[in-house]
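Reviewing the structure listed below.
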Amino acid sequence: MLRRLTLETVVVAGLAASVLLVIVEGSGPHVAPPRPAAPPTPAALAFQQAQAEAAARAEAQRRQAEAAQAVMQPAEEETILPEGHGRAETFGYCVACHNTAIIRRSHFTRAQWDGLMDWMTEKHGMNALDGELRQTIVDYLATHFGPRQAPARGGNPFLN
Ligand code: HEC
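Under the numbering used here, the letters of the sequence shown match residues 369 to 528, in that order.
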C-alpha cells in the first residue's frame, strides 16, 4: 500500500513536474513572430492616390507658373533704344506690332531700312510711312542699327 502510494506519488509528482516545466518554458521570454504586413485598406489606397494626384497637380502648376514667368516680359520703355534724334518717333511707331528686340538685333544699311518700311506696309499692314517722319525714323535706324562693323583683329565677333 505504502509502496503503491509511493509509486503513484512519484509518477504524479513527475507528471506534475513535467507539466510545470512546460508551462514555465512556454511563459518564458519569447520573441513574437513577425506579423505579415496587412494589405492596405481601400481607404489607405484612396489616400495614397489622392496624395499622388495632389502632388502631380502642384507640379503642373509650378511648371505653368514657370512658363508664364518666362513669357512675361516687362513692358519696354523708350530708353531701351539708344539715345538719339528720332528715338521717340521710332519707338512710338514701331512697337505697335512687335517689341524692339527685332529692331535691335537688325543691322541694315539706310537703303535696307528704307525698303523695310515699304515691306512692313505691304506685307504686314503697317500704316504707310512717308515724308518727314519716314526720314526721321529711317535716319535714326540707319545711324544706330547700321551694318555691323567688321570685328577688329582678335576681337570677339559675338560682342559686336
Ligand atoms: C503693322 C505692324 C508692324 C509695325 C507697325 C511695324 N512692324 Fe516690323 N514687323 C511686323 C511683322 C508682322 C514682322 C515680321 C515678324 C516675323 O517675321 O516674325 C516685322 C518684322 C520686322 C523686322 C524684321 C525683318 C527681318 O526680316 O529681319 C524688323 C527689323 C522690323 N519689323 C522693324 C520695324 C520697324 C523699324 C518699325 C517701325 C518703323 C516696324 N517694324 C513697325 C509688323 C510691324
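Glycine included, each C-beta is placed from N, C-alpha and C at the ideal position.
Note that the structure is a prediction, hence the values are computed from the model and not measured.
Check                                                                                                         : Outcome
Of the residues C462, H466, R472, T447, the one placed nearest L497, counting alpha carbons only              : C462
7 Å CB neighbourhood of G454 in its chain, flanking five on each side removed                                 : T504, I505, D507, Y508
Counted within 10 angstroms of its Cβ, other Cβ atoms place F603 as buried (16 or more) or exposed            : It is not possible to answer for residue 603, since the shown part of the chain is limited to 369 through 528.
Inter-residue Cα distance where the pair is E500 and N467                                                     : 23 Å
Three-way DSSP call (helix, strand, coil) for G493 in this model                                              : coil
Own chain partners of T477 with C-beta closer than 8 Å, once the 5 adjacent residues on each side are dropped : A510, G514, P515
Proximity to E445 [Cα-Cα], best of Q437, A435, E457, A436                                                     : E457
Ligand 1 heavy atom lying under 6 Å from the CB of Y508                                                       : no
Start-to-end residues for the alpha helix (DSSP H) that takes in D507                                         : 499-512
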